[in-house]
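As you go down the protein sequences, you meet chains A and C in turn.
What the first sequence shows, in our numbering, is residues 1 to 397, in sequence order.
What the second sequence shows, in our numbering, is residues 398 to 633, in sequence order.
Report on one structure; see the data block that follows.
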Amino acid sequence: MIHTIVYLQQVDPGFDTKNVALMSVQMQEQGGKYVARVPGGDMERPLPVVQQFYQQLLGKVSALPGVESAGIISNISMQWVDMFSFSILGKPAPPPDRRPNAGYIEVSPSAFSTLRIPLKRGRYLDDDDTPTAPWTVVINEAFARRYFPNEDPIGQQLLVRYEPWPVDEDRPRQIVGIVGDVRHVGLAQPAAPMVYVSYLQQSAVFPGGAVLNLLDQNLVVRTATGLTGHTAELASGVKKILADMNPDQPISEVMTMDQILAESIGDQRFYVRILGVFAGIAVLLAVVGIYGVMSYFVSERTHEFGIRVALGALPSDVLALVGKLGLKLTLIGVAIGIALAIGLTRLIAGFLVGVRPSDPVTYVVVSMVLVAIGLLACYIPARRATKVDPMVALRYE
Amino acid sequence: MIRLKNLERSYKTPAGQTWVLRRINLEIREGEFITIMGPSGAGKSSLLNVLALLDDSWEGEYWFREQAVHDMKRKQRGELAKRNVGMVFQSYHLLDDLTVQENIDLPLSYKDIPRRERQGLVADTLDRFQIVGKKDLYPSQLSGGQQQLVGIARAVIHKPGLLLADEPTGNLHSGQAKEIMELFRGLNQQGTTIVQVTHSEVNASFGSRTIQLRDGWLVGDTANSGLTQPVEASAS
Chain A
1 MIHTIVYLQQ VDPGFDTKNV ALMSVQMQEQ GGKYVARVPG GDMERPLPVV
51 QQFYQQLLGK VSALPGVESA GIISNISMQW VDMFSFSILG KPAPPPDRRP
101 NAGYIEVSPS AFSTLRIPLK RGRYLDDDDT PTAPWTVVIN EAFARRYFPN
151 EDPIGQQLLV RYEPWPVDED RPRQIVGIVG DVRHVGLAQP AAPMVYVSYL
201 QQSAVFPGGA VLNLLDQNLV VRTATGLTGH TAELASGVKK ILADMNPDQP
251 ISEVMTMDQI LAESIGDQRF YVRILGVFAG IAVLLAVVGI YGVMSYFVSE
301 RTHEFGIRVA LGALPSDVLA LVGKLGLKLT LIGVAIGIAL AIGLTRLIAG
351 FLVGVRPSDP VTYVVVSMVL VAIGLLACYI PARRATKVDP MVALRYE
Chain C
398 MIRLKNLERS YKTPAGQTWV LRRINLEIRE GEFITIMGPS GAGKSSLLNV
448 LALLDDSWEG EYWFREQAVH DMKRKQRGEL AKRNVGMVFQ SYHLLDDLTV
498 QENIDLPLSY KDIPRRERQG LVADTLDRFQ IVGKKDLYPS QLSGGQQQLV
548 GIARAVIHKP GLLLADEPTG NLHSGQAKEI MELFRGLNQQ GTTIVQVTHS
598 EVNASFGSRT IQLRDGWLVG DTANSGLTQP VEASAS
């Protein structure tokens, strides 16, 4: 598990997390300020003020001192992502239960540059992707590999559906670019196929709660000077902007992207702590056990040590004798432990990333550590054995 | 071979200091067969432990082949004993979980001797003591006399110059005792210096010299008829 944590801390998330801060901006669905109900059905219509709000916010935040760029992105939790199904225009429609799907994220065009998600082919979304222009979409490499393995995805058209509602978007989207893979569903998981769409090119009406994708956004800000010591200043600047735009607008605390990543592997850290505690208890019990057994062994064989010393054994010989027994016991224990571990590690295989349950290096290192601990545990009894007075020992029959 | 000069040994007890050896002056020459006698508590075994270099807590001078043992550190004394001293015990003190040949090999295992050479020495010793047929038996499968035979074989396998025996026949019947004592005499005739502790006059008769201890004092020595007995010992 420690190997897993180390691996996860080193894994490339697919973008540059340094100097990026994040704040959650949630517009209220109720109250009629941003969303209107469509009469005669479970449909909602975002008001134009929503996108104007984002545009103004990005403009003002980008102008803050020290800010290099700012963008909005509907999900950068690095733990999960909404999966929407889609169809590819010009291809036979798959059965309803076997529709292809992909992670769906709304972004401002500036989100790519702010997060430094690398462009692999084509182009990013840009300011020309307006509501009235042809709708576009940027996919990632995982999407291209899975759904266009032998053809060029650029220029292909997708029709995205608002899962779980059986409602397609108003218009198909043309693939204009391919970006690098970002591990949106977790650092431990391979990158999922993703589609990135512009927050400006959205349907006029949304089924049910699907409008929340548009209302719940994250403001991502890249600073030129680094975030250390500046997060409070940045948060204060953004809060003031929001307060000026809408005094009732809530905003979350500022988090750095590194904190988001650390939080995303919180489960693994928790498991490491729990397992660490149990492992510590197990090692302690082993130490106490070996110490007890060796102490008993030494006290039981005091007479023998006396004879051996009388016959020429030096303290180092006695130390070696006890040490060998301790080593033997420890090796037996380690062998049993390895056999059990090989059988049981498959139970925690699901928690391991970047390391196989049967990783030989881990087995060797852990075994060596346990042997060292075992030898330490028998050192005190062994030292006691070297102090045996042969005259006293030989007096006992 | 050995010269003790004003050697003393005492224990601290809650009641005060208890003396077990008092001003012992003794010379043991190469090839002697000495018997130490005296009543229980006279200090016989204590003297033997000092001679065996098992005991470090004495005062005075101890010279072993002109080497000043009293100036040596414990490890040096251990090395000296390992090379020169063999011990035979009243209760044999064989290790129960080792076979006869493993027991005999024990002193050699603490010397820097190649395994092949050790195996040869063990085979020779088994042959010499006529216990080849018992080499794979464990001590519990042997009679008392046979166990003591193994104990002696173990004590002499590394050809020590000095063989010390503490009541070597104390647990044996008279027939076995006689065989053991004959064996000692043979070893002595081959050049081994022997010091035995015994209560038996018969056993003492196998030796060439007898010394008497009483209350820690050396009060008699057949090689030194002019030995002056201390007042304390005479009074007791």
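Glycine is no exception: its CB is placed at the ideal position from the N, C-alpha and C atoms.
### Query
What three-state label does DSSP hand residue 299 of chain A in the structure shown?
Of the three classes helix, strand and coil, the one that applies to residue 299 of chain A here is helix, per DSSP.
### Task
Quick one: measure Cβ to Cβ for residue 186 of chain A and residue 79 of chain A, integer angstroms, because I've assumed they're closer than 8 Å.
Residue 186 of chain A to residue 79 of chain A, Cβ: 6 Å. Contact.
### Task
Using 10 angstroms around the beta-carbon of residue 613 of chain C, count the other beta-carbons present and answer buried if the total reaches 16, otherwise exposed.
Buried is the call here.
### Query
List, in order along the chain, the chain A residues whose C-beta lies closer than 9 Å to that of residue 503 of chain C?
Within chain A, the residues near residue 503 of chain C are 307, 308, 311, 312, 313.
### Task
Could you check if residue 69 of chain A is buried or exposed, using at least 16 other CB atoms within 10 Å of its CB as the buried criterion?
Buried.
### Task
Name, going along the chain, the residues of the region 371-397 of chain A whose beta-carbon falls closer than 7 Å to a beta-carbon of chain C.
Only 390, 391, 394, 397 from the region 371-397 of chain A bring a Cβ to less than 7 Å from some Cβ of chain C.
### Contact list for the region 554-588 of chain C against chain A, Cβ threshold 7 Å
Cβ contacts with chain A: none found.
#### Entry: Segment contact, 8 Å Cβ cut-off, at least three pairs: the region 156-167 of chain A with the region 75-92 of chain A
The way I'd put it, the region 156-167 of chain A does touch the region 75-92 of chain A; three or more beta-carbon pairs between them come closer than 8 Å.
### Query
Should residue 441 of chain C be labelled buried (16 or more other beta-carbon atoms within 10 Å of its own) or exposed?
Burial state of residue 441 of chain C is buried, judged by a 10 Å Cβ sphere holding 16 or more other Cβ atoms.
### Task
Could you spell out where the beta strand (DSSP E) holding residue 87 of chain A opens and where it closes?
It spans 83-88 - the beta strand (DSSP E) in which residue 87 of chain A sits, taken as one unbroken run.
### Message
Here's the rule: buried if 16 or more other CB atoms are within 10 angstroms of the residue's CB, otherwise exposed. What is residue 96 of chain A?
### Response
Exposed: under 16 other Cβ atoms inside 10 Å.
### For residue 153 of chain A, three-class secondary structure by DSSP
Coil.
### Straight-line Cα distance separating residue 552 of chain C from residue 501 of chain C
Residue 501 of chain C and residue 552 of chain C: Cα-Cα distance of roughly 8 Å.
### Task
Indicate whether at least one CB of chain C lies closer than 8 Å to the CB of residue 359 of chain A.
It does not: the Cβ of residue 359 of chain A has no partner Cβ on chain C nearer than 8 Å.
### Task
Output the distance between the C-alpha atoms of residue 145 of chain A and residue 331 of chain A, rounded to the nearest integer angstrom.
Computed Cα separation, rounded: 49 Å.
### Task
Could you tell me whether the Cβ atoms of residue 458 of chain C and residue 405 of chain C are closer together than 8 Å?
Taking 8 Å as the Cβ cut-off, residue 458 of chain C and residue 405 of chain C do not qualify as a contacting pair.
### residue 281 of chain A, buried or exposed, once every other Cβ within 10 Å from all chains shown has been counted against 16
Under a 10 Å Cβ-count criterion, residue 281 of chain A is classified as exposed, with fewer than 16 other Cβ atoms of the shown protein chains found around its own Cβ.
### Query
For residue 323 of chain A, which option in A:378, A:216, A:335 has the closest C-alpha, if you only look at C-alpha atoms?
Shortest Cα-Cα distance from residue 323 of chain A to any of A:378, A:216, A:335 involves A:378.
### Task
Would you kindly report the start and end of the unbroken alpha helix (DSSP H) that includes residue 95 of chain A?
Per DSSP, residue 95 of chain A lies in no alpha helix (DSSP H) segment and is marked neither H nor E.
### Query
If we ignore side chains and look at the alpha-carbon of each, how far apart do residue 298 of chain A and residue 314 of chain A end up?
A straight line joining the alpha-carbon of residue 298 of chain A with that of residue 314 of chain A spans about 16 Å.
### Query
Excluding the five sequence neighbours on either side, which residues of its own chain have a C-beta within less than 8 Å of the C-beta of residue 398 of chain A, listed in chain order?
As shown, chain A starts at 1 and ends at 397. That puts residue 398 of chain A outside it, with no answer to give.
### Query
Is the distance from the Cβ of residue 445 of chain C to the Cβ of residue 592 of chain C below 8 Å?
Here residue 445 of chain C is near residue 592 of chain C, since their CB atoms are less than 8 Å apart.
### Query
Start and end of the alpha helix (DSSP H) containing residue 429 of chain C?
Neither: residue 429 of chain C is in no alpha helix (DSSP H) and is coded neither H nor E.
#### Entry: Top-ranked residue by Cα proximity to residue 216 of chain A, from A:391, A:53, A:154
Among A:391, A:53, A:154, the Cα nearest to that of residue 216 of chain A is on A:53.
### Query
At which residues does the beta strand (DSSP E) containing residue 461 of chain C begin and terminate?
According to the DSSP assignment, residue 461 of chain C belongs to the beta strand (DSSP E) that extends over 455-461.
### Query
Leaving out five residues before and five after residue 176 of chain A in sequence, what residues of the same chain have Cβ atoms less than 6 Å from its Cβ?
Only 122, 123, 136 meet the Cβ criterion.
### Message
As an exercise, report each continuous alpha helix (DSSP H) stretch of at least 4 residues that is fully enclosed by the region 13-96 of chain A, in chain order.
### Response
Runs found: 49-62.
### Message
Strictly by DSSP, which residues pair up with residue 409 of chain C?
### Response
For residue 409 of chain C, which the question treats as bridged, DSSP gives the partners C:414.
### Message
Helix, strand or coil, according to DSSP, for residue 469 of chain C in the structure here?
### Response
Residue 469 of chain C falls in the coil class under three-state DSSP.
### Task
Give me whichever residues DSSP pairs with residue 402 of chain C in a beta bridge.
According to DSSP, which records beta bridges pairwise, residue 402 of chain C is partnered with C:458.
### Query
Taking the DSSP output, what are the residues bridged to residue 356 of chain A?
Beta-bridge annotation (DSSP): residue 356 of chain A is not paired with any residue.
### Cβ-based neighbour list, residue 111 of chain A, same chain, cut-off 6 Å, excluding 5 preceding and 5 following
Cβ within range, chain order: 71, 73.
### Message
Less than 8 Å between the C-beta atoms of residue 569 of chain C and residue 483 of chain C, yes or no?
### Response
Contact: no.
### Message
Counting only C-beta atoms, is residue 304 of chain A closer than 8 Å to chain C at any point?
### Response
It does: the Cβ of residue 304 of chain A has a partner Cβ on chain C nearer than 8 Å.
### Message
So, for residue 372 of chain A: in the same chain, excluding its five sequence neighbours on each side, which residues have a beta-carbon less than 7 Å away from its beta-carbon?
### Response
None.
### Query
Is the CB of residue 492 of chain C under 8 Å away from at least one CB in chain A?
Interface residue, yes.
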